[in-house]
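Before any comments, here is the structure.
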Amino acid sequence: MRKHKGLKSAALALAAFALIASACGSDDAAEEVTEDTEAAAEEVTEETAAPLPGAGTLACMVTDTGGVDDKGFNQISYEGMKKAESELGVTIDLLESSSDADYAPNLQSFADKGCNITVTVGFLLGDATKAAAEANAGLNYAIVDFAYDPPVANARGLVFSTDQPSFMAGYLSAAMSTTGIVGTYGGINIPPVTVFMEGFRKGVEYYNAQKGKSVKLLGWDG
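Here it is in structure tokens:
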């Protein structure tokens, strides 16, 4: 970016010098400087007009019912989409689902639009995303917090080992407890939630085993 600004400043300086030369010098000198100015300006245009790697790609996203301000996967995913837009030149589009009845229509809307890739967010969109991918073999899909077994050719699952950080959270919670009791509370009873809670439980158990303690866990018993 600094290089572009420097070239633009040089072009402006040359243009100013060309005006002075045309007023005080010969026509030939003015013509020579003007040609140099035009060449510099063309260089600026060529460099600033270079397409970004994602230019021409339409990336679409369908949220679950949490919306893009859920402080969770929806929000993080949308922030990633916006970053791809600003840094890679990708064109993005978004549809938020108010209920699970919106999943299939939202996916169909993006299929009709011809999105190069459609990212869906949340375990609950698993079936709808698979159906859309199988019905639109020429389009690409990715789903956050879900994986297909057997795999779907044009749909990639994006899953995370959330039991690992939750294990550490369980251990730390047990270590810091002044009552000998800690708790965890999940949302929907689905694998991405329960695996997190299970990791937390194991962290508490590991602390007890290592320290000879008997911290109790409320909210989840595995």
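Using the working numbering, read the sequence shown as starting at 913 and increasing by one per residue.
Each residue gets a CB set at the ideal place from its N, CA and C atoms; glycine is no exception.
### Task
Give the single residue among Ala-1047, Pro-1062, Leu-1037 and Asn-1048 whose Cα lies nearest to the Cα of Ile-1055.
Leu-1037
### Query
Apart from the five residues just before and just after Phe-1035, which ones in its own chain have a Cβ nearer than 6 angstroms to its Cβ?
Asp-1057, Phe-1058, Ile-1102 and Pro-1104
### Task
With a cut-off of 8 angstroms on the beta carbons, I'd call Ala-1023 and Asn-1048 a contact; round off their distance for me.
5 angstroms
#### Entry: Where Ile-1029 falls: helix, strand or coil (DSSP)
strand
### Task
Could you have a look at Asp-1005 and say whether DSSP puts it in helix, strand or coil?
strand
### Message
Whole angstroms are fine: how far does the CA of Cys-1027 sit from the CA of Asp-1014?
### Response
18 angstroms
### Query
Could you give the uninterrupted runs of the beta strand (DSSP E) lying entirely in the segment 1040-1095, keeping only those of 3 residues or more?
1052-1056, 1067-1070 and 1093-1095
### Task
Indicate the three-state DSSP secondary structure (helix, strand or coil) for Lys-983 in the structure shown.
coil
### Query
Out of Cys-972, Pro-963 and Glu-999, which has the shortest C-alpha to C-alpha gap to Tyr-990?
When only C-alpha atoms are compared, the closest one is Cys-972.
### Residue(s) in a DSSP beta bridge with Lys-1128
Ile-1093
### Message
With a threshold of 7 angstroms on Cβ separation, who are the neighbours of Ala-1045 within its own chain once the five nearest residues in sequence on each side are excluded?
### Response
Tyr-1053, Val-1064, Asn-1066 and Ala-1067
### Task
Give the range of the alpha helix (DSSP H) segment to which Ala-1121 is assigned.
Here the alpha helix (DSSP H) through Ala-1121 covers 1103-1123.
### Query
How would you label Tyr-1097, buried or exposed, when you count the other beta carbons within 10 angstroms and need 16 or more for buried?
exposed
#### Entry: As assigned by DSSP and simplified to three states, the class of Lys-967
For clarity, residue 967 is Ala in the given sequence; the question names Lys instead. Of the three classes helix, strand and coil, the one that applies to Ala-967 here is coil, per DSSP.
### Query
Can you name, in chain order, every residue of its own chain whose Cβ lies under 8 angstroms from the Cβ of Lys-994, other than the five neighbours on each side?
Ile-1004
### Query
CB of Phe-985 to nearest heavy atom of the ligand MG: below 6 angstroms?
Absent from the structure shown: the ligand MG. Ligands present: none.
### Query
In angstroms, rounded to a whole number, what distance separates the CA positions of Ser-1126 and Ile-1029?
Straight-line Cα distance between these residues: approximately 50 angstroms.
### Task
Name the residue from Pro-1062, Val-1002 and Met-1109 whose alpha carbon lies nearest to the alpha carbon of Ser-1085.
Met-1109
### Query
Who are the near neighbours of Ser-1089 in its chain, counting only those whose CB is closer than 6 angstroms to its CB and skipping five residues on each side?
Val-1127
### Query
Shortest alpha-carbon distance to Pro-1077 belongs to which of Gly-1115, Gly-1069 and Gly-984?
Gly-1115
### Task
Could you check the C-alpha separation between Val-853 and Gly-1134 for me, to the nearest Å?
No answer is possible for residue 853: it lies beyond the span of the chain, which begins at 913 and ends at 1134.
#### Entry: Proximity of Pro-965 and Leu-1000 at Cβ, strictly below 7 angstroms
yes
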